[in-house]
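*Asks:* One structure, as structure tokens, below. Some questions next.
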Amino acid sequence: MPATLMDGKALAERLRGEVTREIAALGHVGLATVLVGDDPASDVYIRLKQRAATEAGIDARDIRLDASTSEDEVLALVHDLNDDAEIDGILVQLPLPSQIDETRVTYAVAPHKDVDGFHPVNAGNLYLGTPLHVPATPAGCMALLAEYGVDPKGKNAVVIGRSEIVGRPAAMLLLQAHATVTICHSRTADLAAEVRRADIVVAAVGVPGIVTADMVKPGAAILDVGLTRTEEGIRGDVDPAVADVAGLLTPMPGGTGPMTIALLLESAVKAARYRRGLLAYPTL
Ligand code: NAP
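According to this note's numbering, the sequence shown is numbered sequentially starting from 2.
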């Protein structure tokens with residue numbers, strides 16, 4: 002029997018409806034996105050985030066800076082946004098041009114406004130099992146599992162990829178949900194053997210079709226995060242034939258992508274709650 006598709010688009014729409022109502026109840030939620038340069042993929046992502054934020058009723062400020070902007074100028078902008086009473090959440094789109102140190106910029110964002118969850122205070126709290134702001138893509142994966150009745154407790158979960166944006170936080174969230182977690186990466190000796198043991202797979206590599214049907218345990222839940230633009234269209238990390246073996250599978254597109262946007266909006270609402278003291282954001 003072919004896998005049930007985990008409809009990220011439908012769940013994301015529902016979540017966005019809930020977020021819209023929460024924003025209306027809060028009265029005002031301000032989000033600033035910062036794009037430096039004219040990278041086409043980043044431009045698409047910012048447009049999607051801006052549109053979704055505006056549709057949800059967020060006061061979304063779309064800040065665009067020239068590709069030649071210096072690190073000091075970006076840092077000064079981030080400091081201004083940290084102090085801006087109209088702004089609850091800040092998102093600096095990565096990658097940044099090479100003259101700017103991404104780590105310095107990521108560290109400069111006030112942790113309670115860091116809707117991406119990339120600041121070390123937020124990454125550290127996730128590691129400690131006390132998550133505050135969490136990166137949206139792995140949070141979306143967890144929401145999909147919950148929606149489709151997959152409790153990670155006691156399950157073998159394999160995360161392929163160890164980036165700070167997807168792989169590592171996905172592994173931490175699965176661990177927190179009591180899965181037995183394995184993290185695979187480019188130096189993993191036998192990827193197929195690791196994946197074959199998995200009840201849950203998060204594939205976040207960016208190599209089209211790297212997860213093939215013969216690697217998948219029958220009935221497993223597969224979350225396809227990897228996204229590659231090819232001449233034939235958008236391809237995920239999961240080969241389409243995996244649908245014949247898996248129990249649950251995210252479509253690509255229409256799976257993890259829409260969830261990322263929805264969870265980002267949830268993060269903006271959380272940031273507004275932190276700033277109003279409606280939710281506690283522990284300070285150092
Ligand atoms: P990244 O920083 O390039 O990380 C890729 C990871 O894959 C690295 O940890 C790398 O290992 C690992 N890897 C590379 N080749 C491998 C191989 N042959 N076998 C096993 N592991 C391998 O990318 P990212 O930012 O995490 O993004 C991953 C993918 O997800 C990209 O395609 C990106 O476009 C997509 N993405 C999608 C969404 C969404 O909403 N669906 C959101 C964010 C990202 P090493 O660490 O050893 O180099």
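Virtual Cβ for every residue (Gly too), placed ideally from N, Cα, C.
As the structure is a computational prediction, the values presented were derived from the model and not from experiment.
Closer than 5 Å between the C-beta and any heavy atom of ligand 1: which residues qualify, listed along the chain?
*Replies:* Thr138, Gly162, Arg163, Ser164, Ile166, Val167, His186, Ser187, Ala205, Val206, Gly207, Val226, Gly227, Leu228, Thr257, Gly258, Thr261
*Asks:* Ser268: buried (16+ other C-beta within 10 angstroms of its C-beta) or exposed?
*Replies:* buried
*Asks:* Using three-state DSSP, classify Arg163 as helix, strand or coil.
*Replies:* coil
*Asks:* State the Cα-Cα distance for the pair Val75 and Thr231, rounded to the nearest angstrom.
*Replies:* 33 Å
*Asks:* Kindly confirm or deny that the region 78-95 and the region 253-273 touch, where touching means at least three C-beta pairs closer than 8 Å.
*Replies:* Because the criterion of three Cβ pairs below 8 Å is met, the region 78-95 and the region 253-273 touch.
*Asks:* Quick check on this structure: which residue in Ala140, Ala222, Gly130 has the alpha carbon closest to the alpha carbon of Lys156?
*Replies:* Ala222
*Asks:* For the region 70-134, which segments carrying the alpha helix (DSSP H) assignment without a break, of at least 4 residues, lie completely within its bounds, in sequence order?
*Replies:* 72-84, 103-109, 121-128
*Asks:* Could you tell me which of Pro132, His80, Gly118 sits nearest to Ala109, measuring between CA atoms?
*Replies:* His80
*Asks:* Considering just the uninterrupted stretch of the beta strand (DSSP E) at Ile47, what are its terminal residues?
*Replies:* Counting along the chain, Ile47 falls outside any beta strand (DSSP E), though it belongs to the alpha helix (DSSP H) covering 41-56.
*Asks:* Just to confirm the assignment, what range does the beta strand (DSSP E) spanning Ile184 have?
*Replies:* 181-185
*Asks:* From Thr248 to Pro219, what distance separates their C-alpha atoms?
*Replies:* The sequence given here places Gly at residue 248; Thr does not occur at that position. In a straight line, the C-alpha of Gly248 is about 7 Å away from that of Pro219.
*Asks:* For Leu228, report the span of its beta strand (DSSP E) as first-last.
*Replies:* Per DSSP, Leu228 belongs to no beta strand (DSSP E) and is neither H nor E.
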